[in-house]
Structure formats: C-alpha cells, structure tokens
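If you count the sequence shown from 1, position 205 lands on 238 in the numbering used here, and the numbers rise without skipping. Report on one structure; see the data block that follows.
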Amino acid sequence: MRKRAVLITGAAGEIGLALIQTLAQSSQLPLLTLDLLPLPDSVSGMTTHVQGDILDRALLSRLVSEYEIDTIYHLAALLSTRSEFTPEAAHRVNVEGTLALLQLASEQSEWRGQPVKFIFPSSIAAYGLPDLETKHAYNRVREWEWNYPRTMYGCNKLYCEQLGIYYSQYYRQLAADRPVMLDFRCVRFPGLISALTVPSGGTSDYGPEMLHAAAKGAPYACFVREDVRIPFMAMPDAINALCKLTEAPQTALRRRVYNVTSFSLSAAEFRDWVLKYFPDAKITFEPDLKRQGIVDSWPADLDDSAARRDWGWQPEYDLERSFSEYLVPGITRRYQRAHEH
Ligand code: SER
C-alpha cells in the first residue's frame, strides 16, 4: 500500500519552513518534503525529508512508487535577482521543474481517480509595468492586467500559471477518454517578510533585509530609491493564504490564479517603520539601478478582491500588526538567541 502524503517541494526555503510548521499541526496526512538542502533541526522531526533535485526523474518516480500524493505545494524556485544571473538554470528549475511536478500530479490524479491538489505560489514578478507613470496611474492591478514580466523569474511564473491551468482543464483534450485532471490553484504573492528567516536571491529582499539588519545592529544600504512602492505580506498571512486556498471548495473558485496582498509601502516608509522599533538603525539608500528597474516594473499594489470574494481571503496581519506582533518580536528573539549561543 502506498502511503498517502502531502508533498512540499522547496521545503527548506522561507515559505517551506513556515508551511511545514503549520501543516505539521493541521494536516490530516503526513508530510513528505523535498529540497536540495537538508532541513534545519527545528522542523526535521515534522516530516519525512528527501534531499534531492526536482529535476531528477528517477527520484520523482521513486517517490510516487512509495507514496500516494494527495496535495502538492510546489515551492521550489530560483527567485528574481538570482535568476537574472543564471537565466537558463532558472528556466530549468522554475519551468522544467514545475512541468515535471505537474506531470507527476497528473499521473497520480489518473491513477487514483481523484484530482491531486496542486498549490503553486506565483508572484508580483508576473507583472511588468512599462514605466513609473503607468505604475502610478494603475496602482492596484488585477490578475489579467500588465502580464508583461521583465525578468526570467516573472516569465517562468506566468508561464507556469498557464501550464497549471492547461493541466487542470485541457490536458489531453483530444483523447477519446478524458483523464482525471489535477486541481491547480495559485496565488500571486507580494514581497514576503519572515521573522524567522532572511530571504536570498529575491528583489523584494530590501524590506526584510532592512529589518533583519536593524535587529542585528548592522548598518544597511537599501538597493532601491526611497519612493519605490510595492506590496508586502507577513509570512503567517502567506501560509494562511496557501492553506485557505487549498481548503476552498472547488465550486467556489471562479479563477485558478488569485492576487493576495496585505499592505503597500514605499522603501522610505519601510525605513520609518523599522526606525520606530529600532531607533538606532543605520539605514541609507544606495540604489542599484538594475535591481531598481525590476522593482519599478512591479505594481505598487494588488487588487485581491477576487480572492476575498471566492474563498474569503483576508489578511490577518495589517501593517501595524505585522510589525508590532509578528516581525519585531520574532526577529528580536531570533537575534537574541543567536547572541546567547
Ligand atoms: N520575492 C520575490 C522576488 O523578489 C518576488 O516574488 O523575487
């Protein structure tokens, strides 16, 4: 008998580590995790972890011979800044990796006669506004607007959204007997901020980096201009969005790709919030024009009304609560502990 399980790829990343902690408490099924890296001790007892590559077909075959995968959280990806240095490698991981997982989920859906839920985090990077004038004029973008990404990562995310829709609605559409198709569900996240981990390889990283540097007492030079505005979300809300979307009844979902967001901040406002809690923080602005260009192409805000309407999405952590109840206490504890060890 194959063991039923929930699979999380990219499990050692920022979203993965937070998701493991939540699902270890709430999931009816055991967790199976996959990542190139080992998991830290803090979560390693909560899951069966496989260290390996999503591009390793033999490894994926071995997993499905042992497990009946009920739900997949496919989080493995190279983020936007990292992807610009190695675009073809990013395409392999972000697109070919997703295709391999979609194929695995398809075969599982067919084999068990029931759709596998395929939960996919996409990003504000799927958008690309041509200039600042347009960015200011369009403020809150809806899912189908400005889908002209400027980064390899954004192109990869947008295309994988389409692949997910294809695999869940049109896969092998000319076959005489239509297969049981997977159930693809996707959220486009804003910049995520975790109290527990520091991001790496993203372009929205200046927000969390500013905060973590302040808590450590280190100076920070922000790589975007003070006026740059993008949406953000605290990690508990990101996890909440993934879990809520997973649980939503299929009949309620009128789309497969949903914007979700919490608050929008300019980099200067972000600095001011950091200074409110860490008044000695040394934050300067030294824009890197190239990374700046990427953030300028991302929307200032997201319209998440479809998610609110269809599956009751609502952030629990607004700006004030994110800082005062989650980020500041969590980050302070993190560096106090690091200090004590
Ligand atoms: N945080 C991501 C990045 O900066 C955006 O999805 O690449």
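Beta carbons are placed, not taken as given, at the ideal position from N, Cα and C, and that holds for glycine.
Below 8 Å on the Cβ atoms is my guess for residue i versus residue j; work out the distance and round it to an integer in Å.
{"i": "Leu-335", "j": "Val-174", "result": "6 Å"}
{"i": "Ala-267", "j": "Tyr-350", "result": "4 Å"}
{"i": "Thr-114", "j": "Arg-262", "result": "At roughly 19 Å, the Cβ-Cβ gap does not stay under 8 Å, so Thr-114 and Arg-262 are not in contact."}
{"i": "Thr-42", "j": "His-107", "result": "5 Å"}
{"i": "Phe-153", "j": "Phe-217", "result": "7 Å"}
{"i": "Thr-365", "j": "Ala-246", "result": "Between Ala-246 and Thr-365 the Cβ distance is about 13 Å, and since that is not below 8 Å, they are no contact."}
Apart from the five residues just before and just after residue i, which ones in its own chain have a Cβ nearer than 8 Å to its Cβ?
{"i": "Pro-71", "result": "Ala-45, Ser-77, His-82, Gln-84"}
{"i": "Arg-379", "result": "Limits of the chain in this structure are 34 at one end and 374 at the other, which puts residue 379 out of reach."}
{"i": "Ala-38", "result": "Leu-62, Pro-63, Leu-64, Leu-65, Thr-81, Tyr-100, Glu-101, Ile-102, Asp-103"}
{"i": "Arg-341", "result": "Gln-347"}
Identify, in the order they occur along the chain, each residue of the same chain with its Cβ nearer than 6 Å to the Cβ of residue i, setting aside the five sequence neighbours on each side.
{"i": "Ser-155", "result": "Lys-190, Glu-194, Cys-219, Arg-221"}
{"i": "Leu-286", "result": "Asp-343"}
{"i": "Pro-241", "result": "Ile-226, Pro-232"}
For a test of the three-state rule: what should DSSP assign to residue i, helix, strand or coil?
{"i": "Glu-349", "result": "coil"}
{"i": "Ser-113", "result": "helix"}
{"i": "Leu-225", "result": "strand"}
{"i": "Ser-297", "result": "strand"}
{"i": "Val-213", "result": "coil"}
{"i": "Arg-289", "result": "coil"}
{"i": "Lys-150", "result": "strand"}
{"i": "Ile-53", "result": "helix"}
{"i": "Lys-315", "result": "coil"}
{"i": "Arg-37", "result": "strand"}
{"i": "Tyr-160", "result": "coil"}
{"i": "Tyr-181", "result": "coil"}
{"i": "Asp-68", "result": "strand"}
{"i": "Ser-155", "result": "strand"}
{"i": "Met-79", "result": "coil"}
{"i": "Thr-42", "result": "strand"}
{"i": "Ile-87", "result": "coil"}
{"i": "Val-174", "result": "strand"}
{"i": "Pro-241", "result": "helix"}
{"i": "Glu-29", "result": "A question about residue 29 goes unanswered here, because the residues of the chain that appear run from 34 up to 374."}
Under the rule that 16 or more other beta-carbon atoms within 10 Å means buried, what is residue i, buried or exposed?
{"i": "Leu-69", "result": "exposed"}
{"i": "Lys-168", "result": "buried"}
{"i": "Arg-183", "result": "buried"}
{"i": "Gly-345", "result": "exposed"}
{"i": "Asn-172", "result": "exposed"}
{"i": "Ser-98", "result": "exposed"}
{"i": "Gly-284", "result": "According to the sequence displayed, residue 284 carries Thr and not Gly. Exposed, by the Cβ-count rule."}
{"i": "Lys-150", "result": "buried"}
{"i": "Gly-146", "result": "exposed"}
{"i": "Ser-379", "result": "With the chain covering 34 to 374 only, the question about residue 379 has no answer from this structure."}
{"i": "Gly-250", "result": "exposed"}
{"i": "Arg-90", "result": "exposed"}
{"i": "Ala-109", "result": "buried"}
{"i": "Glu-47", "result": "buried"}
{"i": "Leu-165", "result": "exposed"}
{"i": "Arg-304", "result": "buried"}
{"i": "Gln-202", "result": "exposed"}
{"i": "Leu-135", "result": "buried"}
{"i": "Ala-170", "result": "exposed"}
When every heavy atom of the ligand SER is checked, does at least one fall within less than 6 Å of the C-beta of residue i?
{"i": "Ser-338", "result": "no"}
{"i": "Ala-158", "result": "yes"}
{"i": "Gly-224", "result": "yes"}
{"i": "Thr-66", "result": "no"}
{"i": "Gly-130", "result": "no"}
{"i": "Gly-235", "result": "yes"}
{"i": "Ser-155", "result": "no"}
{"i": "Ser-295", "result": "no"}
{"i": "Met-113", "result": "One point to set straight first is that residue 113 is Ser, not Met, in the sequence displayed. Because some heavy atom of the ligand SER lies under 6 Å away, the Cβ of Ser-113 counts as near it: yes."}
Kindly list the residues whose CB is nearer than 7 Å to the CB of residue i, restricted to its own chain and excluding five residues on each side of it in sequence; keep chain order.
{"i": "Leu-93", "result": "Ala-133, Leu-137"}
{"i": "Leu-360", "result": "Ile-226, Ala-228, Leu-244, Ala-267"}
{"i": "Leu-112", "result": "Tyr-186, Gly-234, Gly-235"}
{"i": "Leu-52", "result": "Ile-41, Tyr-106, Ile-272, Leu-275"}
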